[in-house]
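Asker: Dropping a structure here in structure tokens format, bear with me for questions.
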Amino acid sequence: MSDNLHGFHYHKDSDAIVTITMDLDGPVNAMNEQFRLAFTATVEKLSHEKPLHGVIFASAKNTFFAGGDLKEMLQCMPGEEESFYELVQGIKADMRKLEHLQVPVVAAINGSALGGGLELCLACNYRIASDKKSTLIGLPEVTLGLLPGGGGVVRSIHLLGLQKALPLLIEGKRMRPAQALETGFIDHLVATDEELIPAAKAWILQTPEGWQQPWDRPKHKIPGGDVWHPVIQQTLAAAPAMLFQKTRGLLPAPERILSVAADVVTVDFDTAQRIESRAFASLVPTKEAKNLITGGFFQMNKINSGASRPRDIAPRRVAKLGVLGAGMMGQGIAYSAAKSGVPVILKDVSIDAANKGKAYSGMLMDKQIARGRASEADKEALLSLIHPTQDMADLQGCDLIIEAVFEDLALKHGILAEAEQYLAENGVLASNTSTLPISLLAEGVKNPQRFIGIHFFSPVDKMPLIEIIRGEASEDSTLAAAFDFSQQIRKTPIVVNDSLGFFTSRVFSTYLDEAARMLTEGVDPMLIDNLGKQIGMPVGPLTVQDEVSQQLADRIADTHKAMGVFCSKADTSANAEVCGRMVKEFNRLGRHHGGGFFDYSEGGKTLWPELAKNFASQAIELDHADIKDRLLVRQVIESLKCLEEGVLSSVADGNVGSLMGIGAPTWTGGFIQMVNTYQHGDLYGPAAFAARCDELAAQFGDRFEQPQILRNNIANNAFFH
Amino acid sequence: MSNHAYIFDAVRTPRGKGKKDGSLHEVKPTALGAGLLRALQHRHQLNTANVDDVVMGCVTPIGEQGSDIAKTMVMYADWDESVPGVQLDRFCASGLEAVNIAAQKVASGWEDLVVAGGVEMMSRVPMGVNGGAWSNDPEISIHTGFAPQGIGADTIATIEGWQRDDIDRFALQSQQRAAAARDAGYFDNSVIPVVDRNGAVILARDEFIKPNTTMEGLGGLKPSFAKLGAMGFDDVVLKKYPHLAAINHVHTPGNSSGIVDGASAVLIGSEAAAKANNLTPRARIVATAVTANDPTIMLTAPGPAAYKALAKAGLSVADIDLWEINEAFASVALRFMKDMGISPDITNVNGGAIAMGHPLGATGAMILGILLDELERRNLKRGLAALCVGGGQGIATIIERV
Chain A
84 MSDNLHGFHY
94 HKDSDAIVTI
104 TMDLDGPVNA
114 MNEQFRLAFT
124 ATVEKLSHEK
134 PLHGVIFASA
144 KNTFFAGGDL
154 KEMLQCMPGE
164 EESFYELVQG
174 IKADMRKLEH
184 LQVPVVAAIN
194 GSALGGGLEL
204 CLACNYRIAS
214 DKKSTLIGLP
224 EVTLGLLPGG
234 GGVVRSIHLL
244 GLQKALPLLI
254 EGKRMRPAQA
264 LETGFIDHLV
274 ATDEELIPAA
284 KAWILQTPEG
294 WQQPWDRPKH
304 KIPGGDVWHP
314 VIQQTLAAAP
324 AMLFQKTRGL
334 LPAPERILSV
344 AADVVTVDFD
354 TAQRIESRAF
364 ASLVPTKEAK
374 NLITGGFFQM
384 NKINSGASRP
394 RDIAPRRVAK
404 LGVLGAGMMG
414 QGIAYSAAKS
424 GVPVILKDVS
434 IDAANKGKAY
444 SGMLMDKQIA
454 RGRASEADKE
464 ALLSLIHPTQ
474 DMADLQGCDL
484 IIEAVFEDLA
494 LKHGILAEAE
504 QYLAENGVLA
514 SNTSTLPISL
524 LAEGVKNPQR
534 FIGIHFFSPV
544 DKMPLIEIIR
554 GEASEDSTLA
564 AAFDFSQQIR
574 KTPIVVNDSL
584 GFFTSRVFST
594 YLDEAARMLT
604 EGVDPMLIDN
614 LGKQIGMPVG
624 PLTVQDEVSQ
634 QLADRIADTH
644 KAMGVFCSKA
654 DTSANAEVCG
664 RMVKEFNRLG
674 RHHGGGFFDY
684 SEGGKTLWPE
694 LAKNFASQAI
704 ELDHADIKDR
714 LLVRQVIESL
724 KCLEEGVLSS
734 VADGNVGSLM
744 GIGAPTWTGG
754 FIQMVNTYQH
764 GDLYGPAAFA
774 ARCDELAAQF
784 GDRFEQPQIL
794 RNNIANNAFF
804 H
Chain B
131 MSNHAYIFDA
141 VRTPRGKGKK
151 DGSLHEVKPT
161 ALGAGLLRAL
171 QHRHQLNTAN
181 VDDVVMGCVT
191 PIGEQGSDIA
201 KTMVMYADWD
211 ESVPGVQLDR
221 FCASGLEAVN
231 IAAQKVASGW
241 EDLVVAGGVE
251 MMSRVPMGVN
261 GGAWSNDPEI
271 SIHTGFAPQG
281 IGADTIATIE
291 GWQRDDIDRF
301 ALQSQQRAAA
311 ARDAGYFDNS
321 VIPVVDRNGA
331 VILARDEFIK
341 PNTTMEGLGG
351 LKPSFAKLGA
361 MGFDDVVLKK
371 YPHLAAINHV
381 HTPGNSSGIV
391 DGASAVLIGS
401 EAAAKANNLT
411 PRARIVATAV
421 TANDPTIMLT
431 APGPAAYKAL
441 AKAGLSVADI
451 DLWEINEAFA
461 SVALRFMKDM
471 GISPDITNVN
481 GGAIAMGHPL
491 GATGAMILGI
501 LLDELERRNL
511 KRGLAALCVG
521 GGQGIATIIE
531 RV
């Protein structure tokens, strides 16, 4: 007997086992409107099915079940929480009905079961997965600013206990099937998809009727104890502080998960489900959820799937990479490439310098070996791919040569021209510059159409982003090659057009500049630095300037002045002035030159006691909210200007680039996405952001004036997509 | 106010070390408190039927300290059946809160004779075992920015620029003053020895004082709250105090209040009660106050509470002859003296909880008794006792000899 219930294929076999093969419209099964219809109808039918010995949930797709319908959730606005509460309560009522069938129900998991997908599995009595490499299992809702609202928090705690479940929920960990088995989300593994249904039927046939979920049995206790257990109390007392250390109180989702988890170990199963639904509904319309879903998920996927890569050009792989300069950046690039199996020629002026650059890779591998994450063999294999040299001719036949030498135009022109002749046919020449225009560097090469900027971030081995800068003459195939190489070494490439500071450096410079301005106005420097962290930037602006070094900032300013382009894009005059005086007047060149804004010792860092009085005539008090907004809004406005001027070709490049390259706070979803969900008074979105710009401009200067693109979008009632 | 509230007597047990090797560990909390009730009864030939209420502070009212230990004590002390009892909890202020409520009952004219005090046997019912949503429920703790109070104490020191030496020096002075006062017999009239069921003495004098304390010894102790801070609570506090680079963890077991067992009881009543029961007023409770400020730093409200009480009494700082501030942590006492602009020469002159210990629910009434004894010994007029309190609260009571 077979039936199709809104995309759920319902088939009952001779053993009275019903197999539900989920095949909703579209590429994946998701918890959308069609699912709700199908699930309700299926559970209803099952509840009247007689005889019934068991039920199997299977999938007709490559994945088992993808989870919630994120597009639907993005539509939910503040004030509409209740409708989402009702919606998830409806799904959960059907899940409870399924659990109350009193016959064994098995999930036959043939591919990824994430979020709502795993929640559906947890409402089954037994979970069998095929052990495929591509399968991911977990509850990653928190990474989208949400919580598992389909019973995921409640069931994972009742199944695994609070202490085991909490980290999975709060980190949103996604696991391979074997790890999910070890964790307890999965009960049984089979090798292939073909074995799934037979294994499921075999388990049903050996399992008695009247089957109940553990939490529905009379003497059920949560593993590890409930709220009265001292260890659980300690866990709950410590968890908020540990979480705060990670999120600085800027992400509501993990806080809400903690809150629900505490209730799960306090009240009964069904009451906890209700509490979970309310908490879920409260998160759906938040700006954080919208930003994480839009910037952190959809746009991140879009960028990683090649949206910024020219189409119709065959993909290429680099078989031999040349790196010019074995300094901090060069050695990091060499490591990252070798780590992905790319042979590297690491060239410096002396073999000693080149060897030293290679030794950096050895040091990184030693660290991993010490942590048990790599073996001596891995280290040897990686090091064997890096060939240090002082001889340009060794670059012969490189598919890609990246220069990472000192930021000096004449030096770069010379070295690029020399290296160019050794490129393989159709090979690409690239510069890792962060301060010099690509088109200006291109004047020194023979084939500017095969020249491009590939901007890495420091430390290269940790930073996941690459900023590809297309010069005026760079060809599509050159861009495609740079893009493919980025992905070959497992980094995320954004593509921007050539303009002073490109995108990331230009935007980031405004963070430092605004901090310098406040310093000269007389704001407490410690406050400036700490409030930078409080908005969610990874490091305070004064601390990061110390790391980058005042010396470098001063040199860049001098270079830009000599080129006649100083402050032609972002206004960095305040920071240039401050760093200039730090270097030339006070001989404080930066952390690695003996100290900058801070003094450094083994005990940590302390403010240079002379700082405030050397840069401000008097101390002033500013509203903390204004200090924070000045540091944040400058960067957002500069990002919008990059979009307006075409430095950015897409909003996605700007959001992903700011998240991964600048350290834009996670909650923003990227500096452009932040505008879409901005709230100010009763205003929402671009209009709200514009209103805040107006206030800041009136109080602090015209650098906060709305960029034209913002005015245009407001006039067109448009968001930034 | 229709009536004056007088203090007729203020007694306390000696404070025993609050661990299993403490002398009082073998005593039940109910028995410890009942012993003081019996002492009051005998010292004043009191007809207990005339007592309108017994108000007792207890901060960990669970297990053998649970279910209204005040009434339990009254029954166990064989007081008249007509005497009720109520246990209250305002954290560390509970003992003084009991006194203040008793004073308010009498001053309102609605009751005439009340016993107030507190009991806490930290060796038997450890601090914190009663849980509480503020610290233990993530929703509440996140919403309110909860951090353990030791970190608040360290934050006060950081804000004020007090280094470890400044903090330790205060602790050393507390030890020296307490030892001198005990050895000179200043506490003898009010400390009631704890006896066993046969009448044999278990503990007669405070045992927690360490008279041989040195700066070197104190300096060798490890900070108590650095670990908790590193776990994330420092960040929670720093969010509210972004002017600070980091929190300097200066408090140790040596410069924080000791964990001890103890109980206290104060006999408070009206003029009419004095006459009816043949009691002699020793002092009048002039004014009481409670207030609160930032709950995260938690320990800076004693000053504001003291000012509030002074204002209510129509007095100024200069009108107070002696001060008692509970030494929950050294920085709390230092901050109080700074806030009030008062000299260490007239503050905690006989030491405090750093030396003698802080039996949470009992301490408030203990320091009030010490203050009264010392006013009498020095023949001075007015004193003020204050404590820092969980949740950012502060409490103060002003007394005046009559």
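These protein sequences, in sequence, are chains A and B. Count the first sequence with this note's numbering and you get residues 84 to 804, in order. Count the second sequence with this note's numbering and you get residues 131 to 532, in order. Using N, Cα and C, we set each Cβ at its ideal position, and we do this for glycine too.
From what residue to what residue does the beta strand (DSSP E) around B:Q217 run?
Answerer: As a first step, residue 217 of chain B must be located in the second sequence, where it is residue number 87. Element bounds for B:Q217: G215 to L218.
Asker: I'd like the span of the alpha helix (DSSP H) that includes A:R638, first residue to last.
Answerer: Here residue 638 of chain A refers to the residue found at position 555 of the first sequence. From DSSP, the alpha helix (DSSP H) with A:R638 extends over Q633 to M646.
Asker: Near A:V343, what residues of its chain come up, given a Cβ to Cβ distance below 7 Å and the 5 sequence neighbours on each side ignored?
Answerer: Numbered from 1 along the first sequence, position 260 holds the residue referred to as residue 343 of chain A. Once the five neighbours on either side are set aside, the close Cβ partners of A:V343 are L230, V236, I358, E359 and A362.
Asker: Out of A:V188, A:S166, A:A420 and A:H804, point me to the one whose CA is closest to A:D270's CA.
Answerer: Here residue 270 of chain A is taken as the residue at index 187 of the first sequence, counted from 1. The residue with the shortest Cα to Cα distance from A:D270 is A:V188.
Asker: Report buried or exposed for A:D108, applying the criterion of at least 16 other Cβ atoms within 10 angstroms of its Cβ.
Answerer: Against the first sequence, residue 108 of chain A aligns to sequence position 25. A:D108 is exposed by the Cβ-count criterion.
Asker: Could you check what DSSP says for A:L279 in three-state terms: helix, strand or coil?
Answerer: To locate residue 279 of chain A, count along the first sequence from 1; it is residue 196. Correct three-state label for A:L279: helix.
Asker: Output yes if chain A places a C-beta closer than 8 Å to the C-beta of B:S265; else output no.
Answerer: Here residue 265 of chain B refers to the residue found at position 135 when the second sequence is read from its first residue. Yes, B:S265 counts as interfacial toward chain A.
Asker: Between the alpha carbons of A:D431 and A:E503, how many angstroms are there, rounded?
Answerer: Position 348 of the first sequence holds residue 431 of chain A. Position 420 of the first sequence holds residue 503 of chain A. For A:D431 and A:E503, the distance between alpha carbons rounds to 16 Å.
Asker: Within 8 Å of any Cβ in chain B, is that where the Cβ of A:N795 sits?
Answerer: As a working note, residue 795 of chain A is residue 712 in the first sequence. No - not a single Cβ of chain B is within 8 Å of the one on A:N795.
Asker: Kindly list, in the order they appear in chain B, the residues whose Cβ is closer than 9 Å to that of A:H707.
Answerer: To locate residue 707 of chain A, count along the first sequence from 1; it is residue 624. Chain B residues near A:H707: P372.
Asker: For the putative contact between A:H538 and A:F591, defined by C-beta atoms under 8 Å, what is the C-beta separation to the nearest angstrom?
Answerer: The sequence position of residue 538 of chain A within the first sequence is 455, counting from 1. The sequence position of residue 591 of chain A within the first sequence is 508, counting from 1. With 8 Å as the limit, A:H538 and A:F591 do not qualify as a contact, their Cβ atoms being about 12 Å apart.
Asker: Please determine if the segment 715-727 of chain A and the segment 750-765 of chain A are in contact, where contact requires at least 3 C-beta pairs separated by less than 8 Å.
Answerer: Touching, yes.
Asker: Could you compute how far the alpha carbon of A:L326 sits from the alpha carbon of B:A311?
Answerer: The residue given as residue 326 of chain A occupies position 243 in the first sequence. The residue given as residue 311 of chain B occupies position 181 in the second sequence. Rounded to whole angstroms, A:L326 to B:A311 spans 48 Å at the Cα level.
Asker: Of the residues A:K216, A:E202 and A:S217, which one's Cα is nearest the Cα of A:R210?
Answerer: What you label residue 210 of chain A is simply residue 127 of the first sequence in a count that begins at 1. Comparing Cα-Cα distances from A:R210 to each of A:K216, A:E202 and A:S217, the minimum goes to A:E202.
Asker: Just the chain B side, please: which residues come within less than 8 Å of A:Q316 by C-beta, in chain order?
Answerer: Within the first sequence, the letter at position 233 stands for residue 316 of chain A. In chain order: G261 and N266.
Asker: Hey, does B:E401 have any beta-carbon neighbour from chain A nearer than 8 Å?
Answerer: Here residue 401 of chain B refers to the residue found at position 271 of the second sequence. Not one chain A Cβ lies under 8 Å of B:E401.
Asker: Quick check: B:A223 and B:R414, are their CB atoms within less than 8 Å of each other?
Answerer: For this step, residue 223 of chain B is matched to residue 93 along the second sequence. For this step, residue 414 of chain B is matched to residue 284 along the second sequence. Cβ distance not < 8 Å, so B:A223 and B:R414 don't count as in contact.
Asker: Measuring only between beta-carbons, confirm whether B:K352 sits less than 8 Å from chain A.
Answerer: To locate residue 352 of chain B, count along the second sequence from 1; it is residue 222. For B:K352, the answer is no, since every Cβ of chain A falls outside 8 Å of its Cβ.
Asker: Determine the closest residue to B:A207 out of B:G258, B:V184 and B:I192, with distance taken between C-alpha atoms.
Answerer: The residue given as residue 207 of chain B occupies position 77 in the second sequence. B:A207 has its Cα closest to that of B:V184, out of B:G258, B:V184 and B:I192.
Asker: Quick check: B:H83 and B:N407, are their CB atoms within less than 8 Å of each other?
Answerer: With chain B covering 131 to 532 only, the question about residue 83 of chain B has no answer from this structure.
Asker: Please state the DSSP three-state secondary structure of B:M257.
Answerer: Your numbering for residue 257 of chain B matches position 127 in the second sequence. Note: B:M257 maps to coil in three-state DSSP.
Asker: Output, in sequence order along the chain, the residues in the segment 614-638 of chain A whose CB is closer than 7 Å to any CB in chain C.
Answerer: The structure shown contains no chain C; its protein chains are A and B.
Asker: How is the beta strand (DSSP E) around A:S142 delimited, first residue to last?
Answerer: In the first sequence, residue 142 of chain A corresponds to position 59, counting from 1. That run of the beta strand (DSSP E) goes G137 to S142.
Asker: In its own chain, which residues sit with a C-beta less than 8 Å from the C-beta of B:M252, not counting the 5 before and 5 after it?
Answerer: For the purposes of this step, residue 252 of chain B is taken as residue 122 along the second sequence, with counting starting at 1. Around B:M252: G148, T190, I389, V390, D391, P489 and L490.
Asker: List the residues of chain A that B:D284 touches, going by C-beta distances under 7 Å, in chain order.
Answerer: Against the second sequence, residue 284 of chain B aligns to sequence position 154. Within 7 Å Cβ-Cβ: nothing; B:D284 doesn't reach chain A, min ~15 Å.
Asker: Does the distance from the CB of A:I552 to the CB of A:V579 come in under 8 Å?
Answerer: Against the first sequence, residue 552 of chain A aligns to sequence position 469. Against the first sequence, residue 579 of chain A aligns to sequence position 496. Their beta carbons are under 8 Å apart, which means A:I552 touches A:V579 by this criterion.
Asker: For a test of the three-state rule: what should DSSP assign to A:Y594, helix, strand or coil?
Answerer: Looking up residue 594 of chain A in the first sequence gives position 511. Residue state, collapsed to three classes: helix.
Asker: Given that a residue counts as buried once 16 or more other Cβ atoms are within 10 Å of its Cβ, and exposed if not, what is A:G677?
Answerer: Along the first sequence, read from residue 1 onward, the residue named residue 677 of chain A stands at position 594. So A:G677 ends up on the exposed side.
Asker: If you follow the alpha helix (DSSP H) that A:V177 is part of, which residue opens it and which one closes it?
Answerer: The residue labelled residue 177 of chain A in the question sits at position 94 within the first sequence. Checking the displayed sequence, the identity of residue 177 of chain A turns out to be Asp instead of Val. Here the alpha helix (DSSP H) through A:D177 covers E164 to E182.
Asker: According to the Cβ coordinates, are A:P313 and A:V225 closer than 8 Å?
Answerer: Here residue 313 of chain A corresponds to residue number 230 of the first sequence, with the count starting at 1. Here residue 225 of chain A corresponds to residue number 142 of the first sequence, with the count starting at 1. Result no, Cβ atoms of A:P313 and A:V225 do not sit closer than 8 Å.
Asker: Report the option in A:A321, A:A453 and A:L135 whose CA atom is closest to the CA atom of B:I270.
Answerer: Position 140 of the second sequence holds residue 270 of chain B. For B:I270, the nearest C-alpha among the options comes from A:A321.
Asker: Strictly under 8 Å for the Cβ-Cβ distance: is B:L368 near chain A by that measure?
Answerer: The residue labelled residue 368 of chain B in the question sits at position 238 within the second sequence. Chain A, which has a Cβ nearer than 8 Å to the Cβ of B:L368, makes this yes.
Asker: Are any of the Cβ atoms in chain B nearer than 8 Å to that of A:V328?
Answerer: Locating residue 328 of chain A in the first sequence gives position 245, counting from the first residue. According to the sequence provided, residue 328 of chain A is Gln. The question's Val does not apply to it. Taking Cβ atoms only, chain B reaches closer than 8 Å to A:Q328, which makes this a yes.
Asker: Using the C-alpha atoms, what's the distance from A:E788 back to A:F772?
Answerer: As a working mapping, residue 772 of chain A is identified with position 689 in the first sequence. As a working mapping, residue 788 of chain A is identified with position 705 in the first sequence. C-alpha separation (whole angstroms): 11 Å.
Asker: Excluding the 5 residues flanking A:I521 on each side, which residues of the same chain have their C-beta closer than 6 Å to its C-beta?
Answerer: Here the question's residue 521 of chain A lines up with position 438 in the first sequence. Taken in chain order, the residues that qualify are G536, I552, G554 and D581.
Asker: Please list, in chain order, the chain A residues whose beta carbon lies closer than 9 Å to that of B:E194.
Answerer: Here residue 194 of chain B refers to the residue found at position 64 of the second sequence. Those do not exist, as B:E194 stays about 18 Å from chain A at its closest Cβ, beyond 9 Å.
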